[in-house]
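Colleague: Note that the numbering used here has the sequence shown beginning at 235, numbered continuously upward. Cβ atoms here follow ideal geometry from the backbone N, Cα and C, with glycine treated the same way. As the structure is a prediction and not an experimental result, all values here were calculated from the model. Structure incoming, see below.
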Amino acid sequence: MLVLLDRDGVINEDRADFVKSPAELVLIPGAAEAIAELCGHGHRIAIVTNQSCIGRGLIGEEQLDAIHAKLHNAVRRAGGRIEDIIVAPDAPWAATERRKPGPGMLLEAMQKFKTAARESVLVGDSLRDLQAAKAANCHRILVQTGKGRATQAAGIGAELLPVHVAKDLAAACGFILEGRF
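So, in structure tokens, the structure goes:
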């Protein structure tokens, strides 16, 4: 299965002021190990992340690369591998179909990995993650980390169902390994 992961709030702590440096990237406990476990069972991992901090002019591509190098290293140390990180740098006021809730990044990942939507799952923490996954016809898991609890409390529309809800990425990993899709 192709496992598409949102970044902020799923793998690392979400910050209202954006992750702007490697020092500000703080992994959620168990996230790197969950990715490693998925890899160990033959699943492919790609991150699909809105990074409007670029479109807003807060950081440049080089800084984002440094942040992602730290993320790659943390996952590698845990025994896993992130095969790709797909970024939508769009500012919200200049959004393209790549920026979630648009499905562009998810469709790009499925095409790159030659994987059908029915063999893909998105793990996210926000309504726009679920909307993007629905638009791409992927399976959907909402984690309660990051914005997940607030997203769940606000209600998930019937048009987005079914959505599995997991405490965190480690619990979502369990759903995937149990073959709930």
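What does the Cβ neighbour count give for residue 299, buried or exposed, with the cut at 16 atoms within 10 Å?
Modeller: exposed
Colleague: Using 8 Å for Cβ pairs, my map puts residue 374 next to residue 394. What's the rounded Cβ distance?
Modeller: 7 Å
Colleague: Taking all protein chains shown into account, do 16 or more other C-beta atoms lie within 10 angstroms of the C-beta of residue 384, making it buried, or fewer, making it exposed?
Modeller: exposed
Colleague: Helix, strand or coil, according to DSSP, for residue 358 in the structure here?
Modeller: strand
Colleague: Does DSSP put residue 311 in a helix, a strand or coil?
Modeller: helix
Colleague: Given this structure, state the Cα-to-Cα distance separating residue 280 from residue 364, to the nearest angstrom.
Modeller: 16 Å
Colleague: State the DSSP-derived secondary structure class of residue 277, mapped to helix, strand or coil.
Modeller: coil
Colleague: Kindly indicate the opening and closing residues of the beta strand (DSSP E) around residue 374.
Modeller: 373–377
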